[in-house]
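What follows is a short report on a single structure.
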Amino acid sequence: MDLLQNPFHILRATTTDDRHRIMDLAQEVSLLSTTQECQVACDILIHPKKRIAAEIAWMPGVITDKARRIVNLLEALPQNQSDIGKSISSTLLATALSYIPYIISNTAFDEVFELLLPGNDKLNPLAQANLMAARIFHLKYRKSEVVLQWILRLSDTFDQIHADDVLQILNNERRQSGFPEIHDIDTVETEIRNRRTYYKNVIAFTLKNLPPQQIPNILKRAVETAQCSDQKNTSLLIEDVIEDYEIAAQAALKNTVENYFETLDKEIRASVEQQTEKDHDPLESKIKIAKLIAALEQWHIYTYPINVIKKKQGKTHELSQDLAHRIRHLAIHLFSEYDKLDISKQILNAGQQVFSEIPNIADKITADLHTLNKIQEQAKTKQMMLF
145 MDLLQNPFHI
155 LRATTTDDRH
165 RIMDLAQEVS
175 LLSTTQECQV
185 ACDILIHPKK
195 RIAAEIAWMP
205 GVITDKARRI
215 VNLLEALPQN
225 QSDIGKSISS
235 TLLATALSYI
245 PYIISNTAFD
255 EVFELLLPGN
265 DKLNPLAQAN
275 LMAARIFHLK
285 YRKSEVVLQW
295 ILRLSDTFDQ
305 IHADDVLQIL
315 NNERRQSGFP
325 EIHDIDTVET
335 EIRNRRTYYK
345 NVIAFTLKNL
355 PPQQIPNILK
365 RAVETAQCSD
375 QKNTSLLIED
385 VIEDYEIAAQ
395 AALKNTVENY
405 FETLDKEIRA
415 SVEQQTEKDH
425 DPLESKIKIA
435 KLIAALEQWH
445 IYTYPINVIK
455 KKQGKTHELS
465 QDLAHRIRHL
475 AIHLFSEYDK
485 LDISKQILNA
495 GQQVFSEIPN
505 IADKITADLH
515 TLNKIQEQAK
525 TKQMMLF
């Protein structure tokens, strides 16, 4: 549920309004809006159980005046930074900058909001996450760096949401509004899980509006940033986003393995075999090996986020594992059948980099390289002894 579709916003209601006030607001707003929409919103807010979802999708715990100003600001904000001065009055813009200052990036003035009130008067994590999700959902003009910062901020904020804290906030407001308190924390936990799904969908929606080639790099950087932080675990929200990314990329990745890599594997084997012929140009094999390594580097870009999350979960990305086996077997074949030590090492070195997040494969490739290096050293020693 988006903030601008929330029943509280539709009726211009607050979390401390009682049942009678909500019904009065529904009548007032229906004069200027759709009667059915107002009736549905009213029905949700006056029903103790139904309103839980709306409460958690709103800005619970935020002072009424501030919540209304922030949502009005969100509604008035432009979709493009160049339109800021045109669509917002100077007074509202001043309010905007005092409540939600823009972040200044290294290179440009971007649309990422800090979403923190000045000083110590900050939004609680749930309210902050809901506002972040709403802002990014309604922002049409996006840059990859901006989207990356949104993903990191939203995922970090979500990890700070705790059901006990949310329950306390909701019950404090319910005591003021006259609605019965919530005693079942499982209900709150369920709605927080629903918010988690919503945040994931907002991020997915945002990524879909970027050029496809930018998405893997954004997710790669998101995972790397999470790994470099003080947190021991990757954010649950980032995990959700990457699991969805894996599903979306599955068909294309499978096609790449079954067609491109399989074909290139056969071509390299045939090309190396033909090197025994006098008229064969060795440059052909070098070109194909270079193509293989370049393709592996691209594979790493697209699958790195998937493999990092799989490793954390104690799982394996099957397509990456299958490709790793194929690459390893190719290198072993070229050495054992044709004594192509340098080419085999070149392929294994690339594989070691690309498949480093797959422990069982990475260990085998490391062992293979150790064996080949040992053989190479023995050959050098033997050659020196001959002189």
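In this text, residue positions in the sequence shown follow the working numbering: the first is 145, and each later residue adds one.
Beta carbons are placed, not taken as given, at the ideal position from N, Cα and C, and that holds for glycine.
Quick one: residues in its chain with C-beta nearer than 8 Å to the C-beta of residue 411, no 5 flanking neighbours on either side, listed in chain order? 432
Considering only the beta carbon of each residue, do residue 393 and residue 379 sit closer than 8 Å? no
Alpha carbon of residue 339 to alpha carbon of residue 201, nearest angstrom: 7 Å
Give the straight-line distance between the Cα atoms of residue 122 and residue 385, rounded to the nearest whole angstrom. Residue 122 lies beyond the residue range present for the chain, which begins at 145 and ends at 531; the question has no answer from this structure.
Just tell me which of 516, 346, 358 has its CA closest to the CA of residue 478. 516
Using three-state DSSP, classify residue 294 as helix, strand or coil. helix
Would you check if the segment 356-368 and the segment 308-325 touch, i.e. whether three or more CB-CB distances between them fall below 8 Å? no
Cβ-Cβ separation, residue 513 to residue 484 (assumed contact under 8 Å), whole Å: That pair is no contact at about 14 Å.
Give the single residue among 362, 464, 348 whose Cα lies nearest to the Cα of residue 400. 464
On the criterion of 16 or more Cβ atoms from any shown chain inside 10 Å, does residue 451 qualify as buried, or is it exposed? buried
Residues in its own chain within less than 6 Å of residue 269 by CB, not counting five upstream and five downstream? 301, 304, 305
Whether residue 183 touches residue 198 by CB criterion (8 Å): no
Smallest Cα separation from residue 344: which of 409, 364, 276? 276
Quick one: grab the DSSP three-state call for residue 305. coil
Label residue 396 either buried or exposed according to how many other C-beta atoms from any shown protein chain fall within 10 Å of its C-beta, with 16 as the threshold for buried. exposed
Apart from the five residues on each side of it in sequence, which residues of its chain come closer than 8 Å, Cβ to Cβ, to residue 426? 419
Return the CA-CA distance between residue 159 and residue 351, expressed in angstroms with no decimal places. 33 Å
If you draw a straight line from the alpha carbon of residue 327 to that of residue 319, how long is it in whole angstroms? 13 Å
Less than 8 Å between the beta carbons of residue 204 and residue 313, yes or no? yes
In this structure, does DSSP put residue 325 in helix, strand or coil? coil
Given this structure, state the Cα-to-Cα distance separating residue 415 from residue 476, to the nearest angstrom. 16 Å
Under 8 Å, do residue 444 and residue 454 count as touching if we go by C-beta distance? no
When you compare only the Cα positions, how much space is there between residue 381 and residue 271? 16 Å
Just confirm the distance between the C-beta atoms of residue 218 and residue 278, as a whole number of angstroms; I'd bet it's less than 8 Å. 6 Å
Would you tell me roughly how many angstroms separate the C-alpha atoms of residue 194 and residue 176, rounded to the nearest one? 25 Å
Measuring CA to CA, which of 482, 447, 190, 402 is closest to residue 501? 447
Taking DSSP as the reference, what is the three-state secondary structure of residue 383? helix
In angstroms, rounded to a whole number, what distance separates the CA positions of residue 89 and residue 368? Absent from the structure is residue 89, since the part of the chain shown begins at 145 and ends at 531.
Just checking my contact of residue 342 with residue 145 at CB under 8 Å: how many whole Å lie between their CB atoms? 7 Å
Going by CA-CA distance only, name the one from 172, 178, 163 that's closest to residue 190. 163
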